[in-house]
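Before any comments, here is the structure.
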Amino acid sequence: MATAFPLLRLPYLVLMPVLEQMELIERISLSILSKRVRIFLKLLKMKCKQINLKHEYGAIRMEVLFDNNGKLRLEIFRSGYVEFKYRQDILFCNTSGVPPMDYAVSIMDVMHCKSIHQFRVAEIPARDILPLLVSLPKIDGVVVEETCNSSYPDSMLKKMLKIVLPVSSAVTIPYHALKPKYLRKILKGNFDSVTVGNYGVGNMANFDIRFSLKSLRMTNAKTLDLYNFNLNDKDLNRFFKLWTEKNCNDRLEYLRARKYGEGNKDLILKGLNVVSVPIETKREFRVLIKIQQLRSDEKITAKFDITRADGRQATIRFGESDEINFIDFYVWPKSTDDTTNREPNQSSFTRVFSSLSTFYNSCVERFK
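Letter 306 of the sequence shown, counting from 1, is numbered 306 in the UniProt record's numbering, and no numbers are missing.
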């Protein structure tokens, strides 16, 4: 019978070099077996770019991406087994009654990762996989793929989302994946970002599906992206008017409506007291802190500023791309003195230089 080596009884100055010489999969296996070892492993400052989860084929797959393009894969099965893969190394482990997601949380801990970057649902679960989601960590974004269509029962998908969405700050979901009643609950949710797509089965979208003014008014997300919907120009006009009157989503920072066909610009802007902005005017639009950039195939055809009753400003942009037309609605920061979202122009530099010159001359006069 082999005698166990008392690894944790080694002095610190001996233990750390031993851990450093271990292969990654050996460190990971130790981290899930001992909380005490995990404390020492964290001192090695192992880092990763991001961690993703994906539900597919009745299992939860975890992928840890490293800066050197390496990947650590973790597959969690309903049977209670967990499989680790790194390069050519494979390790099987029996969870023995421990919530399988605890293994993923242990890996996140030693990798100093605070949240899951993305949780993808590639198919509607055919069986109950909810026990695999116990102790689910914070998730930056949930993506329900378009293959999750309405031809399958959505009850299990709803059960999954009831566990996943409360720990997520963003969600992307096809319009056809859920019944309208539950989709409205998502629209009303307190998310940072919501994307709803009319993709259709096999990329054959039904362009007769309308996203109504009522649905727009009930949204509560900071950013809303609508893809391939039949958006009525009058509804958009009414929504913008409601915004100027502070009678709709006050959290809204950004709205993008993407659809086929050109909208009636005059009807959309009717009665809004807009101020036309030259297309060549350079501005930085920040969405959830990040600077929003156009794709290479996108171009802006018109810009307009509108002002709300309380003085807050927003910009409506009309644009087009190779595939589709779009309308962007950006809400500027509350403070009128906040210029972080606007690029400084030549006149602003001139004013600053003039102020500095005046200050310098006054100092010279005082000390003469």
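For every residue, glycine included, the Cβ atom is placed at its ideal position computed from N, Cα and C.
Environment of residue i [buried if 16+ CB atoms lie within 10 Å]
| i | result |
| --- | --- |
| ASN247 | exposed |
| LYS234 | exposed |
| LYS45 | exposed |
| TYR57 | exposed |
| ARG317 | buried |
| GLY70 | exposed |
| THR281 | exposed |
| TYR175 | buried |
| ALA309 | exposed |
| LYS222 | buried |
| GLU245 | exposed |
| ARG9 | exposed |
| TYR254 | buried |
| VAL134 | exposed |
Which listed residue (the options) has its alpha carbon closest to that of residue i
| i | options | result |
| --- | --- | --- |
| LYS218 | TRP243, TYR103, ASN228 and GLY197 | For clarity, residue 218 is Met in the given sequence; the question names Lys instead. The residue with the shortest Cα to Cα distance from MET218 is TRP243. |
| THR195 | ASP328, ILE291, ILE173 and LEU178 | ILE173 |
| GLU298 | SER276, ILE327, HIS55 and ARG184 | ILE327 |
| ASP102 | LEU183, SER29, MET22 and ASN68 | SER29 |
| THR95 | GLY189, LYS188 and PRO131 | PRO131 |
| MET160 | SER169, GLU245 and VAL142 | VAL142 |
| MET62 | LYS222, SER169, ASN273 and PRO137 | PRO137 |
| ASN325 | ARG258, MET108 and ILE291 | ARG258 |
| ASP140 | HIS117, GLN292, MET111 and ILE306 | HIS117 |
| TYR330 | SER321, SER296, ILE163 and ARG251 | ARG251 |
| GLY311 | PRO333, LEU72, ASP322 and LYS290 | PRO333 |
| GLU284 | LYS214, ILE306, THR315 and ILE129 | THR315 |
| VAL37 | ALA104, CYS48, VAL18 and LYS54 | VAL18 |
| VAL64 | PRO100, CYS113 and SER79 | CYS113 |
| MET156 | ILE107, LEU272 and HIS55 | HIS55 |
Under the three-state DSSP convention, the category residue i falls into
| i | result |
| --- | --- |
| ASN237 | helix |
| LYS42 | helix |
| THR244 | helix |
| HIS176 | helix |
| LEU252 | coil |
| VAL14 | helix |
| MET22 | coil |
| LEU183 | helix |
| LEU72 | strand |
| ASP67 | coil |
| ARG217 | helix |
| ARG36 | helix |
Expected contact under 8 angstroms - CB spacing of residue i and residue j to nearest Å
| i | j | result |
| --- | --- | --- |
| ASP109 | LYS42 | 7 angstroms |
| VAL171 | LEU165 | 6 angstroms |
| LEU269 | PHE304 | 6 angstroms |
Chain B within 8 angstroms of residue i, Cβ atoms only
| i | result |
| --- | --- |
| ALA104 | No chain B is part of this structure, which consists of one protein chain only. |
Stretch pair the stretch 83–91 + the stretch 122–133: three plus CB contacts closer than 8 angstroms: no
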